[in-house]
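Report on one structure; see the data block that follows.
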Amino acid sequence: MTEILDGKKTAEEIQEGLAERIERLQTEKGIRPGLAVVLVGEDPASAIYVRMKSKRAAKLGMHSEVLKFPATTTKDELHKAIDGLNLNSDIHGILVQLPLPDHLDPHETIDWIMPAKDVDGLTAISQGLLYRGQPCLAPCTPKGMLRLLDVYGITTEGKNVVVVGRSELVGRPLAVMLSSRKRNATVTVAHTRTRNLGEITKKADIVAIAAGKAHMLNASHFSEGVVVIDAGTNTIPCPEAKNGQKLVGDVDYESVSKLASYITPVPGGVGPMTVCMLLENTFEAALMASEG
Ligand code: NAP
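So the sequence shown is numbered by the working numbering: it starts at 754 and just counts up by one.
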């Protein structure tokens, strides 16, 4: 029997608990967690993500700000805005929405955020701490993928885990977290130069994928009983849908769900968990600030 790893329901449950903790932090210490999202340019998808993140934060009782800048914003102007947020005691979490316009270096921009407010877990300092296994604000998507496994009681200790994708945002930090002394998985990282991917994924107990290629893996790539966590979000044409397209993962859900023991749907799997972890990281950053 296949069980669905329901990210939407899990995220809602975590957020209910978070709302209570946020209220308590405010009553007991007078601190209201604050999230600032920085958006540069007019990318429509980014604008939707930013609005959604900000709305969810406000719904949980957080202070929430969106700072919008034109695509022509210079590096110095952006750094100055981030400086302001770094110094603002009402703001505990800062997120710069990616991608940035070409003239702005994402590493340089992200590293301008002070690590204590880096709720996306993407600064060089946060990534270094993660790599060392020291406490840090972990990147939201891999953190959300692992939390989903935890909630469903799926352990990684001693398991053969294949991570498909090695991006800074998802694949690489996920592999680091899985191979940590806390998770103890045996991890293989696959990418575009990997040979015979199907032979590798077939040997896996768990496959986590973030490649950004619609339906790249199908039932022929997996063994019976595999656990599949799919971060992929791809739009494909769908004449029946209202807007003529639909969202699908990197895995062909229909065929793979017949042999997997657990699988995430797309949408409703990793996506809601990512936003949830952003809110949790913002709360944790506020809590840390309250403890000095
Ligand atoms: P990315 O930076 O483009 O990285 C994709 C990775 O997948 C690369 O390491 C690439 O290998 C690998 N890859 C691509 N095609 C492959 C193939 N045919 N075989 C093996 N490996 C392959 O993407 P990303 O930012 O990690 O995002 C990946 C997907 O996750 C996208 O669909 C994105 O929208 C989604 N995503 C979802 C969430 C969420 O909240 N649900 C959050 C973040 C990202 P190379 O390194 O060799 O190029």
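All C-beta atoms, glycine included, are put in the ideal place defined by N, C-alpha and C.
Rounded Cβ spacing between residue i and residue j (contact assumed at less than 8 Å)
i: residue 846; j: residue 778; result: Their Cβ separation, rounded to whole angstroms, is 14 Å, which puts residue 846 and residue 778 out of contact at 8 Å.
i: residue 894; j: residue 923; result: 5 Å
i: residue 1016; j: residue 758; result: 6 Å
i: residue 980; j: residue 1013; result: 7 Å
i: residue 962; j: residue 1004; result: 6 Å
i: residue 857; j: residue 831; result: 6 Å
i: residue 916; j: residue 931; result: 7 Å
i: residue 792; j: residue 819; result: 6 Å
Near the ligand NAP: residue i beta-carbon under 7 Å from a heavy atom
i: residue 929; result: no
i: residue 969; result: yes
i: residue 860; result: no
i: residue 923; result: yes
i: residue 717; result: Because the chain is modelled from 754 through 1045, residue 717 falls outside the range shown and cannot be assessed.
i: residue 1050; result: Past the edges of the chain, shown from 754 to 1045, lies residue 1050, and the structure says nothing about it.
i: residue 901; result: no
i: residue 831; result: no
i: residue 987; result: yes
i: residue 1032; result: no
i: residue 879; result: no
i: residue 964; result: yes
i: residue 1017; result: no
i: residue 920; result: yes
i: residue 1024; result: yes
i: residue 1058; result: The question about residue 1058 has no answer, for the chain in this structure spans 754 to 1045.
i: residue 788; result: no
i: residue 1012; result: no
Endpoints, beta strand (DSSP E) assigned at residue i
i: residue 983; result: 980–983
i: residue 821; result: 816–822
i: residue 787; result: 787–793
Limits of the unbroken alpha helix (DSSP H) element including residue i
i: residue 775; result: 760–782
i: residue 890; result: Element bounds for residue 890: n/a, residue is neither H nor E.
Min CB distance residue i to chain C below 8 Å
i: residue 786; result: Given the protein chain composition of this structure (a single chain), no chain C is represented.
The region 825–842 in contact with the region 798–808 per 3-pair CB rule at 8 Å: Counting Cβ pairs under 8 Å, fewer than three are found: no touch.
Inter-stretch contact at 8 Å, needing at least 3 Cβ pairs: the region 987–1006 / the region 939–954: Contact check between the region 987–1006 and the region 939–954: fewer than three CB pairs, one atom from each, fall below 8 Å, which does not count as touching.
Cβ pair count under 8 Å reaching 3, the region 807–824 against the region 765–782: Contact holds: three or more Cβ-Cβ distances are below 8 Å.
Stretch pair the region 879–889 + the region 814–823: three plus CB contacts closer than 8 Å: Verdict: no, contact absent.
Runs of beta strand (DSSP E) wholly within the region 808–886 (minimum 3 residues, chain order): Runs of the beta strand (DSSP E) inside the region 808–886: 816–822 and 846–849.
Uninterrupted beta strand (DSSP E) stretches inside the region 917–994 (no shorter than 3 residues): The qualifying runs are 939–943, 959–962, 980–983 and 987–990.
At least 3 beta-carbon pairs within less than 8 Å: the region 896–908 vs the region 1017–1035: Flag = yes, the region 896–908 and the region 1017–1035 touch.
Complete alpha helix (DSSP H) runs within the region 992–1042 (minimum length 4 residues, chain order): Restricting attention to alpha helix (DSSP H) runs no shorter than 4 residues, the region 992–1042 encloses them at 1006–1009, ordered along the chain.
Entirely enclosed alpha helix (DSSP H) segments - the region 893–918, minimum 4 residues: The region 893–918 contains these whole alpha helix (DSSP H) runs: 893–904.
At least 3 beta-carbon pairs within less than 8 Å: the region 971–985 vs the region 938–949: As far as the Cβ criterion goes, the region 971–985 does not touch the region 938–949, which means the pair count is below three.
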